[in-house]
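Participant: Numbering (my numbering), first residue to last: 4 to 145. Idealized CB from N, CA, C, for every residue including glycine. Values in this document were obtained by computation on a predicted structure and should not be read as measured data.
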Amino acid sequence: MWEILYGKSVNYNQGFGIQLQIKICRENLRPRIIEDTPQCYINLMKKCWEKEPIKRPSAQKIIEILTEWQNDKNILLELTKSDEILKNQSIHIQSYSDSSDGSDGSDGSDGSYKSKFIEFTTSSYQDSGLNKLDVEDLQITN
Numbered sequence: 004m005w006e007i008l009y010g011k012s013v014n015y016n017q018g019f020g021i022q023l024q025i026k027i028c029r030e031n032l033r034p035r036i037i038e039d040t041p042q043c044y045i046n047l048m049k050k051c052w053e054k055e056p057i058k059r060p061s062a063q064k065i066i067e068i069l070t071e072w073q074n075d076k077n078i079l080l081e082l083t084k085s086d087e088i089l090k091n092q093s094i095h096i097q098s099y100s101d102s103s104d105g106s107d108g109s110d111g112s113d114g115s116y117k118s119k120f121i122e123f124t125t126s127s128y129q130d131s132g133l134n135k136l137d138v139e140d141l142q143i144t145n
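#1: In its own chain, which residues sit with a C-beta less than 6 Å from the C-beta of Arg33, not counting the 5 before and 5 after it?
#2: Is DSSP giving Met48 helix, strand or coil here?
#3: If you count every other CB in all the chains shown that lies within 10 Å of the CB of Leu80, and 16 or more means buried, which is it?
#4: Can you determine whether any heavy atom of the ligand SAH sits closer than 7 Å to the C-beta of Lys11, and answer yes or no?
#5: State the Cα-Cα distance for the pair Lys58 and Cys28, rounded to the nearest angstrom.
#6: Would you tell me roughly how many angstroms separate the C-alpha atoms of Lys64 and Leu89, rounded to the nearest one?
#7: Would you report the Cα separation of Lys26 and Gln73, rounded to the nearest angstrom?
#8: When DSSP labels each residue in this structure, what does Gly20 get in the three-state scheme?
#9: Under 6 Å Cβ to Cβ from Pro60, same chain only, skipping five residues before and after it: list those, please.
Dropping the structure here:
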């Protein structure tokens, strides 16, 4: 939803490797929400970011919410105003202001997540500490 709103990929200021995966999963790392974003959109986006999948809205629920917004003049006005403000801002939208790995993006990568194969070796798994995670019993429902 962040990418849809701002029209660009989330920039993590680092490669999409094991350390970033850990930050997203264990530390609940999420993109920075830009000022002037409508509160209704922020609320929906945060619901989609819930750590527990059961708490996230389904695709069908998101469609229902967006349809409700289309029929609400106040929300449409708020979204339209926000869209104009965001389009007219000449600021560079930066997803994260903190780069904890010390990278400055000078490796030729803009840090944006792109679909790619992530090499996963036994040593990187052991070094990451993922093998020490406590995993609760999961119930899979249809």
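Facilitator: Looking at the atomic coordinates:
#1: The sequence position of residue 33 within the sequence shown is 30, counting from 1. These residues qualify, in order along the chain: Trp52.
#2: The count along the sequence shown starts at 1 and reaches residue 48 at position 45. Met48: helix per DSSP, three-state reduction.
#3: For the purposes of this step, residue 80 is taken as the residue at position 77 of the sequence shown. Under this definition Leu80 is an exposed residue.
#4: What this structure holds is no ligand at all, so the ligand SAH is not there to describe.
#5: What you label residue 58 is simply residue 55 of the sequence shown in a count that begins at 1. What you label residue 28 is simply residue 25 of the sequence shown in a count that begins at 1. Taking the straight line joining both Cα atoms gives about 15 Å.
#6: As a working note, residue 64 is residue 61 in the sequence shown. As a working note, residue 89 is residue 86 in the sequence shown. Roughly 26 Å separates the two Cα atoms.
#7: Numbered from 1 along the sequence shown, position 23 holds the residue referred to as residue 26. Numbered from 1 along the sequence shown, position 70 holds the residue referred to as residue 73. Going by the C-alpha atoms only, they are around 35 Å apart.
#8: As a working mapping, residue 20 is identified with position 17 in the sequence shown. Coil, per DSSP.
#9: Indexing the sequence shown from 1 puts residue 60 at position 57. Closer than 6 Å at the Cβ level, and outside the excluded window around Pro60, lie Lys50.
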